[in-house]
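Number of protein chains: 4
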Amino acid sequence: MTHPQETPRATGRRRRDPAGTRDRLVRAALELFTTHGYHTSTTPQIARRAGVAEGTIYRHFDSKEHLLNEIYRAAVRLLTAAVKDAPTSLSCRARLERIAAAWRDLAGSDPALIKLVFLTRHGDLLDPRSRESFTQLRDEISKVIATGKSAGEVRSGSAQVWTDVWLALVVLALERIANQDWTVQHVGPQQVFEAAWDAIEFGERGAGRPGAGL
Amino acid sequence: MTHPQETPRATGRRRRDPAGTRDRLVRAALELFTTHGYHTSTTPQIARRAGVAEGTIYRHFDSKEHLLNEIYRAAVRLLTAAVKDAPTSLSCRARLERIAAAWRDLAGSDPALIKLVFLTRHGDLLDPRSRESFTQLRDEISKVIATGKSAGEVRSGSAQVWTDVWLALVVLALERIANQDWTVQHVGPQQVFEAAWDAIEFGERGAGRPGAGL
Amino acid sequence: MTHPQETPRATGRRRRDPAGTRDRLVRAALELFTTHGYHTSTTPQIARRAGVAEGTIYRHFDSKEHLLNEIYRAAVRLLTAAVKDAPTSLSCRARLERIAAAWRDLAGSDPALIKLVFLTRHGDLLDPRSRESFTQLRDEISKVIATGKSAGEVRSGSAQVWTDVWLALVVLALERIANQDWTVQHVGPQQVFEAAWDAIEFGERGAGRPGAGL
Amino acid sequence: MTHPQETPRATGRRRRDPAGTRDRLVRAALELFTTHGYHTSTTPQIARRAGVAEGTIYRHFDSKEHLLNEIYRAAVRLLTAAVKDAPTSLSCRARLERIAAAWRDLAGSDPALIKLVFLTRHGDLLDPRSRESFTQLRDEISKVIATGKSAGEVRSGSAQVWTDVWLALVVLALERIANQDWTVQHVGPQQVFEAAWDAIEFGERGAGRPGAGL
DNA sequence: TATGAATGAGTGTTCATTCAT
DNA sequence: AATGAATGAACACTCATTCAT
Numbered sequence: 006m007t008h009p010q011e012t013p014r015a016t017g018r019r020r021r022d023p024a025g026t027r028d029r030l031v032r033a034a035l036e037l038f039t040t041h042g043y044h045t046s047t048t049p050q051i052a053r054r055a056g057v058a059e060g061t062i063y064r065h066f067d068s069k070e071h072l073l074n075e076i077y078r079a080a081v082r083l084l085t086a087a088v089k090d091a092p093t094s095l096s097c098r099a100r101l102e103r104i105a106a107a108w109r110d111l112a113g114s115d116p117a118l119i120k121l122v123f124l125t126r127h128g129d130l131l132d133p134r135s136r137e138s139f140t141q142l143r144d145e146i147s148k149v150i151a152t153g154k155s156a157g158e159v160r161s162g163s164a165q166v167w168t169d170v171w172l173a174l175v176v177l178a179l180e181r182i183a184n185q186d187w188t189v190q191h192v193g194p195q196q197v198f199e200a201a202w203d204a205i206e207f208g209e210r211g212a213g214r215p216g217a218g219l
Numbered sequence: 006m007t008h009p010q011e012t013p014r015a016t017g018r019r020r021r022d023p024a025g026t027r028d029r030l031v032r033a034a035l036e037l038f039t040t041h042g043y044h045t046s047t048t049p050q051i052a053r054r055a056g057v058a059e060g061t062i063y064r065h066f067d068s069k070e071h072l073l074n075e076i077y078r079a080a081v082r083l084l085t086a087a088v089k090d091a092p093t094s095l096s097c098r099a100r101l102e103r104i105a106a107a108w109r110d111l112a113g114s115d116p117a118l119i120k121l122v123f124l125t126r127h128g129d130l131l132d133p134r135s136r137e138s139f140t141q142l143r144d145e146i147s148k149v150i151a152t153g154k155s156a157g158e159v160r161s162g163s164a165q166v167w168t169d170v171w172l173a174l175v176v177l178a179l180e181r182i183a184n185q186d187w188t189v190q191h192v193g194p195q196q197v198f199e200a201a202w203d204a205i206e207f208g209e210r211g212a213g214r215p216g217a218g219l
Numbered sequence: 006m007t008h009p010q011e012t013p014r015a016t017g018r019r020r021r022d023p024a025g026t027r028d029r030l031v032r033a034a035l036e037l038f039t040t041h042g043y044h045t046s047t048t049p050q051i052a053r054r055a056g057v058a059e060g061t062i063y064r065h066f067d068s069k070e071h072l073l074n075e076i077y078r079a080a081v082r083l084l085t086a087a088v089k090d091a092p093t094s095l096s097c098r099a100r101l102e103r104i105a106a107a108w109r110d111l112a113g114s115d116p117a118l119i120k121l122v123f124l125t126r127h128g129d130l131l132d133p134r135s136r137e138s139f140t141q142l143r144d145e146i147s148k149v150i151a152t153g154k155s156a157g158e159v160r161s162g163s164a165q166v167w168t169d170v171w172l173a174l175v176v177l178a179l180e181r182i183a184n185q186d187w188t189v190q191h192v193g194p195q196q197v198f199e200a201a202w203d204a205i206e207f208g209e210r211g212a213g214r215p216g217a218g219l
Numbered sequence: 006m007t008h009p010q011e012t013p014r015a016t017g018r019r020r021r022d023p024a025g026t027r028d029r030l031v032r033a034a035l036e037l038f039t040t041h042g043y044h045t046s047t048t049p050q051i052a053r054r055a056g057v058a059e060g061t062i063y064r065h066f067d068s069k070e071h072l073l074n075e076i077y078r079a080a081v082r083l084l085t086a087a088v089k090d091a092p093t094s095l096s097c098r099a100r101l102e103r104i105a106a107a108w109r110d111l112a113g114s115d116p117a118l119i120k121l122v123f124l125t126r127h128g129d130l131l132d133p134r135s136r137e138s139f140t141q142l143r144d145e146i147s148k149v150i151a152t153g154k155s156a157g158e159v160r161s162g163s164a165q166v167w168t169d170v171w172l173a174l175v176v177l178a179l180e181r182i183a184n185q186d187w188t189v190q191h192v193g194p195q196q197v198f199e200a201a202w203d204a205i206e207f208g209e210r211g212a213g214r215p216g217a218g219l
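Chains as they are written, first to last, in this note's numbering: chain A, 6 to 219; chain B, 6 to 219; chain C, 6 to 219; chain D, 6 to 219.
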């Protein structure tokens, strides 16, 4: 969850907490924010769950909002890594499948992370850097889909839109896994991932078909 | 937005405010909750926007949470009405198109309403009645989709799942309209609605196709 | 202490506190700030002394700092009024005596007020308006002294400087009265006020006298 | 600024900081206290400015308050030394001139020191020893003035009072120098020092003159 | 001697809610 | 029905101080 180059305590000096106070805070906040929401999670709660004093939060983060942004970016970073890991040699569809599968596994192993990025509305809480990091994540998917469009695999229309369409359905499945309604091995994710592809796939049923008007 | 049987002033007698104090509060809360969120909208703000004193809120609602639940249910009621208005004589697909179109128009004319129901996470704020009202809304769609499944129009698999899949994409379009990214006449909603149908439609590409594994 | 045109509750509507909650807060703050200092006087203390709840402070003042500035300006206003009340027909010396006497009486009847303006260092706590109000007070004295200088009553040199010199000694006496070391009728104030005049009076001993060098 | 008998490291052995950690802390605190005030200067700030860790403060001082008292007494000691340096053989007036001149130079070379003793209100922060040390300083001046009174140079009335009167004006000039409004060579200090003497000098205009009543 | 992470009591401030008018 | 001053518990955050290293 945390990247080494971001933790200031890489000095090896620690007083009595080999597990890392900062990491404990990050975990506590992540879990509370994603289960009870940002505003209902209080700093006393976060501290208690992390097993530290309230003031300790502010030794590691400037503010509660800063804490949110830090964990948000760390989460986005992890999700983005999964996108970049999908080999560019594969077809668009295969790459999306890889990405979905990686995220699915993440939703199983670290549900809070998925919730934080995809299922929580953060309003004005995210700073520009955090917004930018999410935009980059979306852009990575967009690039995959854009190549799919050039290859005739994906429908005509804005690649951005098909990105959001694909994401909306993948996230639907991830949410169910994160909520433990579905397991990773369940058919559900599989079916929904396929539906996600079908929603953006080029075919005789694609956009512009006659008779599709409302 | 408000149903007569819910307002305590059903007496028909109005003292000095023909617009209805309660309605003004409902409007104010609806707009604030959907733009700034529940927790960041304060009762002073709501009262000021409604043009009444702070205490007046509690003459019409037991609490801020109760106010949220009231407007939430009123919103769900409106959306549900649109579902029921789609004639059962039509095909599944046609009925879904009607529903989507009705909601699309609503998103154009009353964006806050759409946001409240579909785009705001309410956490533990909604009471059982409110949750139930949303469940009913979803069930209405489910029924439509279940008939589509019997008719071979919709893929095999849980009708509930295809309901959520269809909803996820329709909501995606509604959000863009509510945010004024798209107008009601835009191609966007059209394309996405079609994708929503393709995502649940039965076809040779449907679930269970070989080679779809991850 | 408070001017009618500044209190927003001139409506005559009051719930249960005919004495005026705002005035009680002003009094409490004035006394605490001048006895224990601004930083050591806490909002719980102020509220308790005023006999109200802590939150009530913020119904009347934007912040603790705002509260300080309000009472500061009110105090300066009172002191300035005393300056303006001294008839311009009198000699410089007589006017200064009138002013000193008025302030002396004020120090006896409302010591906190004198302390707030003359004896407390407010650092960066005062806003521009408050600083300006004090500057005006000093300028009023300066004008009196400037006329004295034109009339040959006061030494040559900056009228501003003689203002501060005169003020420094008058304040010395006021402080002793405010601290109840001296009463209003005591010789002390009298002697010091005379010394204050002698310090700025033009005479054969005035500035530039030979042998005065260090 | 620091006296050897007060520093705990009187061993003569210095580990790695020839400048003296304690002295650095004293300097940092002196400057911060006199520019931003005691309460607004935090221990992190003091430590940072001294270039040491926060905990190091407590290796040299029991508490922040103790630190204040230490530097306060050191400052008073320096000012007192200047008083004692004025030869008793001189006239009262000449001795006061010497003292004022010595302080004036100090205000130019070490303004913070002057501010700490004469311009900062310390409320209940000073311990009995510190108060005593200031009392001694004042008593030294009082003694000078008392001899002046016996010699008929100074007005009748309490020597204590004339001490405070003289001090008030001298401090007025010192403040301007410390704030760099005036330089040491400026006429201002000169004029004000003379006024200070005139305020306490015996003369035909002295206390008890007829017509001086308010 | 020096460090700096950790502490926790305390701060100023907010806000949903009450109630005398 | 409507008001708005008053409430007080809760909030995010600060900071002088401690102590294992």
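In this text, a Cβ means the ideal position worked out from N, Cα and C, and glycines have one as well.
Judged by pairs of C-beta atoms under 8 angstroms, the stretch 138-145 of chain A does not touch the stretch 187-199 of chain A, as fewer than three such pairs exist. Under the three-state reduction of DSSP, C/V176 is assigned to helix. In this structure, the CA atom of B/I62 is about 50 angstroms from the CA atom of A/L101.
Between the beta-carbon of B/V122 and that of B/Y77 there is about 7 angstroms, and that keeps the pair under the 8 angstroms contact cut. Fully contained in the stretch 24-58 of chain C are the following alpha helix (DSSP H) runs of length 4 or more, in chain order: 26-41, 48-55. The stretch 113-132 of chain D makes no contact with the stretch 145-156 of chain D; the number of CB pairs closer than 8 angstroms stays below 3.
The three-state reading of DSSP puts A/E145 in helix, counting H, G and I together.
Interface flag for B/R136 against chain A is unset, since no Cβ pair is found closer than 8 angstroms.
By the 16-neighbour rule on beta-carbons within 10 angstroms, B/D110 is exposed. Of all residues in the stretch 168-195 of chain A, only D169, V170, A173, L174, L177, G193 come within less than 7 angstroms of chain B when Cβ atoms are compared, listed by chain position. When secondary structure is reduced to three states using DSSP, C/V159 falls in the strand class.
Residue-level contact check: C/V159 does not touch chain D, since none of the beta carbons of chain D fall below 8 angstroms from its beta carbon.
With a cutoff of 8 angstroms on beta-carbon distance, D/I104 and D/L179 are scored as not near each other. Residue range 97-114 is occupied by the alpha helix (DSSP H) that includes D/S114. A Cβ-Cβ distance of about 13 angstroms is found for the pair D/G128 and C/G128, leaving them out of contact under the 8 angstroms criterion. Spanning the alpha carbons of B/A33 and B/L131 requires a straight line of approximately 19 angstroms.
Shown here for D/G56: same chain residues with a beta carbon closer than 7 angstroms to its own, the five before and five after excluded, namely R29 in chain order. A straight-line Cα-Cα distance of about 10 angstroms links D/R160 and C/Q196.
For B/T125, the nearest CB of chain A lies under 8 angstroms from its own CB, placing it at the interface with that chain. The Cβ atoms of B/H65 and B/T26 sit closer than 8 angstroms to each other. Only buried fits B/D203, as 16 or more other CB atoms lie within 10 angstroms of its CB. Not a single CB atom of chain C sits nearer than 8 angstroms to the CB of D/I150. Within chain A, the C-beta atoms nearer than 7 angstroms to that of B/H44 come from H44, in chain order. Against C/A200, the close residues of chain D are V170, A204, I205, in the order they occur along the chain (beta-carbon pairs closer than 7 angstroms). Around the C-beta of C/E206, 16 or more other C-beta atoms lie within 10 Å, and the residue is accordingly described as buried.
Distance check between B/A201 and each of A/I182, A/N184, A/A173 places A/A173 closest, using alpha-carbon atoms only. Contact between D/E145 and D/T85 holds, with the beta-carbon distance rounding to 6 angstroms and staying under 8 angstroms. B/E59 and B/S135 have their C-alpha atoms spaced approximately 25 angstroms apart. At a cut-off of 8 angstroms, the C-beta of D/G162 has a neighbouring C-beta in chain C. Counting only the Cα atoms, A/S68 lies some 12 angstroms from A/I51. The alpha carbon of A/W108 has as its nearest neighbour, out of A/N184, A/P92, A/V175, the alpha carbon of A/V175. No Cβ-Cβ contact shorter than 8 angstroms links C/C97 with C/A164. For the 8 angstroms CB-CB criterion, A/T45 and B/R126 do not form a contact.
Residues of chain C whose Cβ lies closer than 8 angstroms to the Cβ of D/G128 are, in chain order, H41, G42, T45.
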